[in-house]
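Enquirer: At position 113 of the sequence shown the residue is numbered 113 (this note's numbering), and the sequence of numbers has no breaks.
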Amino acid sequence: MTSPSTTRAARTPGADDRTRTIAEVADEFGVTHRTVRHYEELGLISPERRGTTRVYHRRDRTRLGLILRGKRLGFPLEEIRTIIDLYDAPRGRRSQLEYVLGQIDERREDLEQRRRDLEAALSELTEFERRCRADLERLG
């Protein structure tokens, strides 16, 4: 029987210390091999090389998880790079945390504006639909 922490680690991408191949990493995060290689080409992750094989350690997988989360939240790759690089810097630097919090605030404002724009577009679409249905009703 596995312990709850072992089970949780097995289900959480990047959560255990076992090294992985590119195929295993791509499968773990639900992305293509090409996506993983793309982030490597950009210098966002840098797996160990053993001959022609890439070996992904926990650090690489943690970084990939942060990249994918950043993309889902709408951060551009250069911002993701800056934020990820902060993880490698010495801990406890107030300016790093303030920078990240500032970026989070900017991204939140951007997403909230997008939501308002979407709500306005949906409202317009609903009104247009109502008018079309009314016209159709009049035509019989």
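Note that the Cβ used here is the ideal one computed from N, Cα and C, for glycine as well.
Taking just the CA atoms, how far does E119 sit from T21?
Expert: 43 Å
Enquirer: Buried or exposed: which applies to L64, given that a residue is buried once 16 or more other Cβ atoms fall within 10 Å of its Cβ?
Expert: buried
Enquirer: How would you label A121, buried or exposed, when you count the other beta carbons within 10 angstroms and need 16 or more for buried?
Expert: exposed
Enquirer: Using the Cα positions of T19 and R54, report the straight-line distance between them to the nearest angstrom.
Expert: Going by the C-alpha atoms only, they are around 10 Å apart.
Enquirer: Pop quiz: F128 and L68 are said to be a contact at Cβ under 8 Å. What is the actual Cβ separation, rounded to whole angstroms?
Expert: Rounded, the Cβ-Cβ distance is 37 Å, inconsistent with contact.
Enquirer: Cβ of D105 within 8 Å of Cβ of G74?
Expert: no
Enquirer: Rounded to whole angstroms, what's the CA-CA distance from V100 to E137? Just pull it up for me.
Expert: 55 Å
Enquirer: Let me confirm a value: D60 is counted as buried when at least 16 other C-beta atoms fall within 10 Å, else exposed. Which label applies?
Expert: buried
Enquirer: Are the beta-carbon atoms belonging to H38 and E48 less than 8 Å from one another?
Expert: no
Enquirer: What would DSSP say about T32, mapped onto helix, strand or coil?
Expert: coil
Enquirer: So is R130 buried or exposed if we call it buried at 16+ other beta carbons inside 10 Å?
Expert: Label assigned to R130: exposed.
Enquirer: Exposed or buried, G140, counting other C-beta atoms within 10 Å across all chains shown (16 or more means buried)?
Expert: exposed
Enquirer: Would you report the Cα separation of H33 and Q103, rounded to the nearest angstrom?
Expert: 29 Å
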